[in-house]
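Going line by line, the protein sequences match chains A and B. Taking numbering that gives the first Met the number 0 as reference, the numbering of the first sequence is continuous, increasing by one, and the terminal residue is 119. Taking numbering that gives the first Met the number 0 as reference, the numbering of the second sequence is continuous, increasing by one, and the terminal residue is 154. Don't be surprised by glycine CBs; every beta carbon is placed ideally from N, CA and C. Keep in mind that this is a model prediction, so the values were computed, not measured. Comments concern the structure below.
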Amino acid sequence: MRLSASTTFDPSDTRGAAMAMLGLAAVLPLLPGHAGLPCPLRTLTGVPCPMCGMTTSVEATAHGHLGSALLANPAGPFAVLVALFLLVRRPRRVIRVPIVLVVGTLLALWLFELHRFSLI
Amino acid sequence: MYPPPPQSAPPYSGGASGPRAGFWSRFAALFIDSIIVAIIPIILIAIGASSNSSGLLVFGYIVWIVGYIAYFVYFEGGESGQTPGKRMLGIRIIDFNTGGPIGYGRAFLRLIGRWIAGIFCYLGYLWMLWDKEKQCWQDKMANDVVVPVQYYPIP
């Protein structure tokens, strides 16, 4: 793989997912019991995945608690921003995302979560 | 003069042997499916929590796990190879060799493959970013490819 290789991000593909995410973030805290989406990996092995804490983080961001959002998973506020951008600005153009950026971000988030759960 | 040789087979380019679904459309489809699967269990858990019924709470989580397995095996193993999320994104799963459905057994294998693919920082999912046929580990395990419906219409 070339280091400059990239993956094509078509904004129209992810609009439905963005809507679902923001809807869930708005509704979840209103429900009693406050069900989170449990991480199958962490539930079974105790090892967190890079996306652990995302439900908490996105929810907290949607309700203005930026501090606790960043502590759960720094990608939450970013995901909310991207979702709002996709839904409000409705970009038409296809965006090229470098593969190293995708892999690098996930690795960084994984290290963050491993540290949050005191594994490193 | 002889006519030029027939050019039935396209020249080998080193890429996939046909159009493949992209990373972000597959990501979005899985995201939507995960939320669809979660709706009923989340309601059950909410009712269980508000009525202080631990039985209903546990039932909610069981419905979640069983529902998740049933959902993906039923839809991905079916004739169209499409979950509702994949249908929204216009993509489907086909057998790599025959182009037909993968069936329920391999759909279950694919589910296990997905779990394995997620263990090491989602390496198995990221695999499609540099794989020639854009296959994740679960695709390799079930010998399938994910393709745009536009190029591979449902029979």
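Per DSSP, B:P147 forms a beta bridge with which residues?
B:I90
Is A:H114 near the ligand PLP, with its Cβ less than 7 Å from a heavy atom?
Absent from the structure shown: the ligand PLP. Ligands present: none.
Return the residue from the list A:T54, A:V101, A:P73, A:L69 that minimises the CA-CA distance to B:F22.
A:V101
Mind checking whether A:A19 and B:F30 have CB atoms under 8 Å apart?
yes
Is A:G15 close to chain B? Criterion is C-beta to C-beta, closer than 8 Å.
yes
Measure the beta-carbon distance from B:I34 to A:L27 and round it to whole angstroms, keeping in mind my assumption that it falls under 8 Å.
Between A:L27 and B:I34 the Cβ distance is about 11 Å, and since that is not below 8 Å, they are no contact.
Look up A:T6 in the DSSP assignment and give the residues it is bridged to.
A:V96
Kindly give me the distance between the Cβ atoms of B:Q149 and B:G89, rounded to whole angstroms, as I take these residues to be in contact under 8 Å.
6 Å
Option in B:R109, B:V146, B:K131 with minimal Cα separation from B:R19
B:V146
Can you tell which of B:G102, B:G117, B:F107 has its C-alpha closest to the C-alpha of A:W109?
B:G117
Does the Cβ-Cβ distance between B:I41 and A:L40 come in under 8 Å?
no
How is the alpha helix (DSSP H) around A:E58 delimited, first residue to last?
53 to 61
Can you confirm whether B:M140, when its beta carbon is compared against all beta carbons of chain A, has any partner nearer than 8 Å?
no
Consider the Cβ of A:P47: report whether some Cβ of chain B lies at a distance smaller than 8 Å.
no
Consult DSSP for B:F30 and reduce its assignment to one of helix, strand or coil.
helix
Using a beta-carbon distance cut-off of less than 7 Å, what residues from the region 118 to 138 of chain B approach chain D?
Structure shown: chain D not included; protein chains present are A and B.
Once you ignore the five residues that flank B:A37 on each side, which residues in its own chain have a CB closer than 8 Å to its CB?
W63
Identity of the residue in A:A61, A:A78, A:F8 nearest A:R92 by Cα
A:F8
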